[in-house]
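Structure record follows, encoded as structure tokens.
Residue numbers (the working numbering), protein chains in the order written: chain F, 1 to 115; chain Z, 1 to 108.
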């Protein structure tokens with residue numbers, strides 16, 4: 001398995017509070033992604049990063065911000081959590097290796113509940 | 001209409017059966033990704049392919065670029081194959097577009 005960890009693995013918080021999720025990788029992959037997974041939807045991209053300090057928005061970026069100050073860590077912040085952000089959040093990493101098509105590898109997920 | 005459609009949404013099978021899960025897409029792609037997610041579990045990459053066929057153990061993935069269609073086959077299915085199987089297509093170089101998944105249950 002690719003060396004990807006996410007913390008925390010579970011979190012319950014209240015509406016209006018800030019929340020930060022961390023993705024840590026030991027693979028030195030260039031690309032990192034944050035997705036959310038909700039019933040009835042496929043995985044949806046929130047933000048992604050193509051290098052240190054280089055990030056871009058995905059399809060569902062409203063209400064989320066990210067930071068990547070070093071290769072191994074990609075942080076996802078909910079500035080003021082809302083109940084609609086209750087979801088399972090997955091981090092993924094990828095890099096261009098011979099024959100790999102920039103294949104993505106996923107972390108174990110973080111289950112976030114906003115009350 | 002979703003850019004990536006999977007069928008069926010749910011599938012039940014008896015142990016030993018041959019299983020096929022389909023994925024159709026409507027956009028130009030550079031590659032297609034099959035993933036597996038066990039209940040409450042993480043997401044595991046099974047295959048990534050851009051043409052032809054790939055095989056790994058009892059799993060076979062095929063893709064027809066002209067018809068914009070891919071299939072995932074499981075031979076001699078087993079209860080441990082019970083999972084959600086997700087198809088995703090790569091547009092361009094970095095991003096994936098995901099289907100909503102096919103939930104497979106294999107009974108002994």
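Cβ coordinates follow ideal geometry from the N, Cα and C atoms, glycine included.
Being a predicted model, the structure only gives us computed values, none of them experimental.
Query raised in the report: Relative to the alpha-carbon of residue 27/F, which residue among 4/F, 67/F, 82/F and 70/F has its alpha-carbon at the smallest distance?
Result: 4/F
Query raised in the report: Which class does residue 95/F belong to by DSSP, given the choice of helix, strand or coil?
Result: coil
Report task. State yes or no: is the C-beta of residue 53/Z within less than 7 Å of the C-beta of residue 25/Z? Result -> no
Report task. Find the residues of chain Z that neighbour residue 74/F, judging by a C-beta separation of less than 7 Å, and give them in chain order. Result -> Chain Z residues near residue 74/F: none, gap ~14 Å exceeds 7 Å.
**Report entry** Per-residue burial, residue 170/F [other beta carbons within 10 Å of its own, 16 or more giving buried]
**Finding:** No answer is possible for residue 170/F: it lies beyond the span of chain F, which begins at 1 and ends at 115.
Query raised in the report: When you compare each of 61/F, 25/F and 55/F to residue 85/F by their alpha carbons, which one comes out closest?
Result: 61/F
**Report entry** N-terminal and C-terminal residue of the beta strand (DSSP E) that residue 11/F is part of
**Finding:** 10 to 13
Requested in this report: Report the neighbours of residue 109/F on chain Z: residues whose CB is nearer than 7 Å to its CB, in chain order.
Outcome: 42
Query raised in the report: With 16 as the cutoff for other CB atoms within 10 Å, does residue 10/F come out buried or exposed?
Result: exposed
Query raised in the report: Of all the options 74/Z, 3/Z, 82/Z and 101/Z, which has the alpha carbon lying nearest to the alpha carbon of residue 55/Z?
Result: 74/Z
Query raised in the report: Cβ of residue 89/Z within 7 Å of Cβ of residue 21/Z?
Result: no
Query - For residue 44/F and residue 66/F, the rounded distance between their alpha carbons - result: 15 Å
Query - Members of the region 48 to 65 of chain Z that neighbour chain F once the beta carbon cut-off is set at 7 Å - result: 48 and 50
Report task. Could you spell out where the beta strand (DSSP E) holding residue 60/F opens and where it closes? Result -> From DSSP, residue 60/F is part of no beta strand (DSSP E); its letter is neither H nor E.
**Report entry** Per DSSP, cross-strand counterpart(s) of residue 21/Z
**Finding:** 72/Z
Report task. Tell whether a beta-carbon distance below 7 Å holds between residue 32/F and residue 90/F. Result -> no
Query raised in the report: Below 7 Å between beta carbons: does that hold for residue 109/F and residue 88/F?
Result: yes
Query raised in the report: Any idea if residue 36/F is buried or exposed, counting beta-carbon neighbours within 10 angstroms, 16 or more meaning buried?
Result: buried
Report task. Taking only the alpha-carbon atoms, compute the straight-line gap between residue 51/F and residue 108/Z and give it to the nearest angstrom. Result -> 47 Å
Query raised in the report: Are the beta-carbon atoms of residue 25/F and residue 93/F separated by less than 7 Å?
Result: yes
Query raised in the report: Which stretch, first to last residue, makes up the beta strand (DSSP E) that contains residue 14/Z?
Result: 10 to 14
**Report entry** CB contact check: residue 103/F to chain Z, cutoff 7 Å
**Finding:** yes
Query raised in the report: Taking all protein chains shown into account, do 16 or more other C-beta atoms lie within 10 angstroms of the C-beta of residue 33/Z, making it buried, or fewer, making it exposed?
Result: buried
Requested in this report: Starting from residue 3/F, find everything on chain Z with Cβ-Cβ shorter than 7 Å and list it in chain order.
Outcome: Under the 7 Å cutoff, chain Z gives no residues; its nearest Cβ is about 13 Å from residue 3/F.
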